[in-house]
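Peer 1:
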Ligand code: PLP
């Protein structure tokens, strides 16, 4: 078969009729190099990886092995510990259901921070409703950082499974994984670490912090959607609580191959990407502060993801600003599952931020293909949008 050629735009610029894309926490564009690997796995190496009778199947199996290697390299674990899933949500459900499945019959004591992703919160809450778990909450401070005293107290009372994300998907706060792992280990708790946003942006080394379950998603790191991984040396599908199928479904080889390539690129280029995005993020922050002195930067600035900027303009409703930016700059009011829904953010609430700060919150996420020109233009657009909304509000209150 001839080699695969795919539609290739002149560059991977993210400035098109939908505007400048600054919502990389929600999802990232697939890197062209990843897309080529996916395409090849769809049209050339399309064999069913479960069919071992011929070389088509073998080629599919080989692609999965290669992807496992690259995923494992990114987080420094054994290839055999990589279990591919349909994304982080499924990986989280499987991990919690596995922990329930291997528990000794008592409800599993799940410790979890109040700022975990809904995939963790909802699964844990469901386990509790079914009488399979008891939830123990860990507080965070106004900077979204974990309250270590609250964690130590909870560990003293007894936790079986501690769920702490590596970095927050809304405000970008990075959690001190090795310190938390040390405390959990001393307290006899296993850990589930949701590294969906952190992978490739924060060093994660499972040889140093061998947590029980690590969660990854491909579409946050320039890979395709619908693929993720549960990394665990003890995970066994037959021990998952409930009626989950034990039959091995046909693997999503193109997606898995794409996730592998995305991890390979992250391992190779992540450091450079992170330095670039952090610099541009800092520039954007300074430009906005210079124009909008009332702007508040939320969460810890010293300990945040390199592509994250979370701000509030007190008294200026974020939904109006986002509406005004539609087609110009894509930013969000909060997490993807919440934005547009006008529901309060559980993260900002847990941080104890004032209603004004919560209502004026904007999440900005830069990415691999963001340019300095994008930042200059976005700063001007965001400033104009905020000024417009402010004067419209003033006008209506003067009426
Ligand atoms: N965990 C975190 C921290 C996330 O940001 C997300 C997605 O936004 C998820 C889990 C769910 O990931 P997926 O879309 O792969 O199911």
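Numbering (the UniProt record's numbering), first residue to last: 1 to 399. We treat Cβ as the ideally placed atom computed from N, Cα and C, and that holds for glycine.
What separation, rounded to the nearest whole angstrom, lies between the Cα atoms of residue 181 and residue 205?
Peer 2: Rounded to the nearest angstrom, the two C-alpha atoms are 12 angstroms apart.
Peer 1: Between 306, 281, 314 and 280, which lies nearest to residue 293 when the distance is taken from Cα to Cα?
Peer 2: Minimum Cα distance to residue 293 is reached at 314.
Peer 1: Is it true that the CB of residue 285 sits closer than 8 angstroms to the CB of residue 309?
Peer 2: Cβ distance < 8 angstroms, so residue 309 and residue 285 count as in contact.
Peer 1: Rounded to the nearest angstrom, what separates residue 389 and residue 278 at their Cα positions?
Peer 2: Cα to Cα, the separation comes out at about 28 angstroms.
Peer 1: Would the segment 55–72 and the segment 165–184 be scored as touching if the rule is three or more Cβ pairs under 8 angstroms?
Peer 2: Flag = no, the segment 55–72 and the segment 165–184 do not touch.
Peer 1: Can you grab the Cα-Cα spacing for the pair residue 332 / residue 175, in whole Å?
Peer 2: Looking at the two C-alpha atoms, the distance is approximately 23 angstroms.
Peer 1: Are the CB atoms of residue 164 and residue 232 nearer to each other than 8 angstroms?
Peer 2: No.
Peer 1: Whose CA, out of 99, 257, 218 and 379, lies closest to the CA of residue 288?
Peer 2: It is 379.
Peer 1: For residue 162 and residue 48, I'd like the C-alpha separation in whole angstroms.
Peer 2: Approximately 37 angstroms between the Cα atoms of the pair.
Peer 1: Does residue 255 pass the burial test, meaning 16 or more other C-beta atoms within 10 Å, or should it be called exposed?
Peer 2: Buried.
Peer 1: Do the CB positions of residue 125 and residue 96 come within less than 8 angstroms of each other?
Peer 2: No, the pair does not count as a contact, with Cβ atoms beyond the cut-off.
Peer 1: Between which two residues does the beta strand (DSSP E) harbouring residue 85 extend?
Peer 2: Element bounds for residue 85: 82–85.
Peer 1: For residue 304, which residues does DSSP report across the bridge?
Peer 2: For residue 304, which the question treats as bridged, DSSP gives the partners 173.
Peer 1: For residue 163, list the residues DSSP reports as bridge partners.
Peer 2: The partner list for residue 163 (beta bridge, DSSP) reads 112 and 192.
Peer 1: Is the CB-CB distance between residue 167 and residue 202 below 8 angstroms?
Peer 2: Yes, Cβ-Cβ distance for residue 167 and residue 202 is below 8 angstroms.
Peer 1: Work out the CA separation of residue 382 and residue 30 for me, nearest whole Å.
Peer 2: Their Cα atoms are separated by approximately 26 angstroms.
Peer 1: Does DSSP put residue 68 in a helix, in a strand, or in coil?
Peer 2: Residue 68 falls in the helix class under three-state DSSP.
Peer 1: Under the three-state reduction of DSSP, which class applies to residue 353: helix, strand or coil?
Peer 2: It is coil, neither helix nor strand.
Peer 1: Taking buried to mean at least 16 other C-beta atoms within 10 Å of its own C-beta, is residue 276 buried or exposed?
Peer 2: Buried.
Peer 1: Given the structure, does residue 119 come close to the ligand PLP, in the sense that its CB is under 7 angstroms from one of the ligand's heavy atoms?
Peer 2: It does: the Cβ of residue 119 is within 7 angstroms (strictly closer) of some heavy atom of the ligand PLP.
Peer 1: Should residue 43 be labelled buried (16 or more other beta-carbon atoms within 10 Å of its own) or exposed?
Peer 2: Counting Cβ neighbours within 10 Å, residue 43 comes out exposed, since fewer than 16 surround it.
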